[in-house]
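A.B. asks: Numbering (our numbering), first residue to last: 88 to 529.
All residues carry an ideal CB built from backbone N, CA and C; glycine is no exception.
1. Is it the case that the Cβ atoms of residue 211 and residue 326 are separated by a distance below 8 Å?
2. Could you give the distance in angstroms between the alpha-carbon of residue 153 and the alpha-carbon of residue 519?
3. Could you tell me which residues DSSP pairs with residue 203 in its beta bridges?
4. Applying the criterion that 16 or more other CB atoms from any shown protein chain within 10 Å of the CB defines a buried residue, is residue 411 buried or exposed?
5. Assuming residue 364 and residue 316 form a contact by the criterion Cβ under 8 Å, report the distance between their Cβ atoms to the nearest whole angstrom.
6. Taking residue 527 as the reference, which of 507, 464 and 510 has the closest Cα?
7. Residue 172 and residue 183: beta carbons closer than 8 Å?
8. Report yes or no: do the stretch 465–473 and the stretch 281–291 share at least 3 C-beta pairs separated by less than 8 Å?
9. Return yes when the Cβ of residue 241 is within less than 8 Å of the Cβ of residue 252, no when it is not.
10. Compare the C-alpha of residue 478 against each of 436, 508 and 497 and name the closest.
11. What would DSSP say about residue 485, mapped onto helix, strand or coil?
12. Return yes when the Cβ of residue 194 is within less than 8 Å of the Cβ of residue 181, no when it is not.
13. Can you look up residue 163 in the DSSP assignment and give me helix, strand or coil?
14. Confirm, please, whether the CB-CB distance from residue 376 to residue 386 is below 8 Å.
15. Taking Cβ to Cβ, would you say residue 457 is nearer than 8 Å to residue 402?
16. Tell me which residue opens and which closes the alpha helix (DSSP H) that residue 188 is part of.
17. From residue 355 to residue 332, what does the alpha carbon distance come to, in whole angstroms?
18. Buried or exposed: residue 30, going by 16 or more other Cβ atoms within 10 Å of its Cβ?
19. Exposed or buried, what is residue 388 when buried is set at 16 or more other beta-carbons lying within 10 Å of its beta-carbon?
20. When the Cα of residue 497 is compared with those of 269, 345 and 399, which residue comes out closest?
21. Verify the contact flag: residue 511, CB atom, against every heavy atom of the ligand NAD, threshold strictly below 7 Å.
22. What does the alpha-carbon distance come out to for the pair residue 499 and residue 187?
23. Drop a sphere of 10 angstroms on the beta-carbon of residue 205, count the other beta-carbons inside from all chains shown, and report buried for 16 or more, exposed for fewer.
24. For residue 101, does the three-state DSSP call read helix, strand or coil?
25. Per DSSP, which one or two residues make a beta bridge with residue 492?
26. Do residue 218 and residue 245 come within 8 Å of each other at the CB atom, strictly closer than that value?
27. Here's the rule I'm using: 16 or more other beta-carbon atoms within 10 Å means buried, otherwise exposed. How should residue 390 be labelled?
28. When burial is assigned at 16 or more other CB atoms within 10 Å of the CB, is residue 322 buried or exposed?
29. Within 10 angstroms of its Cβ, does residue 227 collect 16 or more other Cβ (buried), or is it exposed?
30. As an exercise, report each continuous alpha helix (DSSP H) stretch of at least 4 residues that is fully enclosed by the stretch 412–478, in chain order.
31. So the candidates are 278, 307, 361 and 314; which of them puts its Cα closest to the Cα of residue 292?
32. Measure the C-alpha to C-alpha separation of residue 511 and residue 229 and round it to an integer number of angstroms.
33. Hey, would you say residue 265 sits closer than 8 Å to residue 128, going by beta carbons?
34. Below 7 Å CB to CB, which residues in the same chain sit around residue 522 once its five sequence neighbours on both sides are set aside?
35. Does residue 405 come out as helix, strand or coil in the three-state DSSP assignment?
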């Protein structure tokens, strides 16, 4: 009987006690944190989803703070700005127009000079039409957009975790599993994560890119082709994905030749289909816009109305911006930041990622800096650079030689999370808010 009476006291150790209060108490002790970390690794998908849910709460809180204390009433048209006001600002207005009115034909022109001006043709159609389909349930545009992004964000987080864990060569390492889980969780707290509360395309684009890279790692080339098509109607990132695909194929070709195998045996037709699909993805929406409006360059003309200047050449606008801002020092800082990033990707902190992830980590930012002018929207564009979270996890967790995880990695990751939460508050309060003629777009 004495032994039986001891059993209830042992229940908290086995985790059978109620969750409320237990997690907080364990976070205060080294043993408790170790136990919670073990449980998180044992159920990684649930852990990622729980962290993603927490990041949504933090994001809503950040938007509420921005609406309550930082939003100028002039930007929303009434004296008491709300969370709903901020969620509907900026590009969400254009997606709502697409849902309600479709794309305008003929192309709108400026009444003063006759030039092509802003219009919905600058925005890709897959996301707004997904929202429109959900609206058939009776939801408003704002609610349907939030629901779609809430679900797609969760899917993206799970896919990112799977992508960080993935490698074609068999074998799982505990260190890699831990890094993958922490990296996926850190991505959920990327400073611009609040944008996934808004009717924007980020969540859909991240989900499609992560899925495409994941099946690329697993060499399912027809699935890459199938994902490339909807990606072409979501975001213009097919060229960057194409570079990652080409690097994957070159590495595989060399590995199989070195092993005395016939490269790409049995999959050459699938490779050709994949490359063709990526080519179609890169031009699909500009071609549709040209055909629908009767103006072959319609998409690029509308983009030019927003300030894009591809004719000036790749990277030129960034170096020009850096020079005009801080002179030679600005250029040096820009080059130093780019060099540091490349060194991290190619060095020990990026080496734990798959070749495909490292290729995307280089190709996507390179593509952005080549074709996008210096704008504050770059912060949210980098949500698609998922390897940033992997690099951050490695820097926070690993020793100088990159071979082991430091014993106090939990504290270091905790500090990183606090910094990221501060970033969420800064970005949401400074860029998500709107003052007529006095704000920068998120």
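C.D. replies: According to the structure data:
1. In this structure, residue 326 does not lie closer than 8 Å to residue 211 by Cβ.
2. About 8 Å.
3. In the DSSP output, where bridge partners are listed per residue, residue 203 has 196.
4. Residue 411 comes out exposed.
5. About 6 Å; that satisfies the 8 Å criterion.
6. Minimum Cα distance to residue 527 is reached at 464.
7. No. Outside cutoff.
8. Cβ pair count under 8 Å is three or more, so yes.
9. Not closer than 8 Å, so no.
10. Across the set 436, 508 and 497, the C-alpha of 436 shows the shortest separation from the C-alpha of residue 478.
11. Note: residue 485 maps to strand in three-state DSSP.
12. Contact flag unset, no.
13. If DSSP states are grouped into helix, strand and coil, residue 163 belongs with coil.
14. Yes, they are a contact pair.
15. Yes; because the gap between Cβ atoms is below 8 Å, this pair is in contact.
16. 179–188 is the extent of the alpha helix (DSSP H) around residue 188.
17. Between the alpha carbons of residue 355 and residue 332 lies a gap of roughly 14 Å.
18. For the chain, the structure presents residues 88 to 529; residue 30 sits outside this window and is missing.
19. By the 10 Å Cβ count, residue 388 comes out buried.
20. Selected option, being the one with the closest Cα: 269.
21. Among the ligands in the structure shown, none appear at all, so the ligand NAD cannot be discussed.
22. Taking the straight line joining both Cα atoms gives about 48 Å.
23. Exposed, since its Cβ has fewer than 16 Cβ neighbours within 10 Å.
24. At residue 101 the pLDDT is 43, less than 50, meaning the model places this residue with poor confidence and gives no usable figure here.
25. In DSSP, residue 492 forms a bridge with 485.
26. Taking C-beta atoms as the reference points, residue 245 and residue 218 fail to come closer than 8 Å.
27. Classification of residue 390: buried, given that the 10 Å Cβ count is 16 or more.
28. Burial call: buried.
29. Per the 10 Å Cβ criterion, exposed.
30. Listed in chain order, they are 415–433, 442–458 and 465–468.
31. When only C-alpha atoms are compared, the closest one is 314.
32. The alpha-carbon atoms of residue 511 and residue 229 are separated by roughly 21 Å.
33. When the beta-carbon positions are compared, residue 265 and residue 128 come within less than 8 Å of each other.
34. So the qualifying residues of the chain are 159, 161 and 162.
35. Helix, per DSSP.
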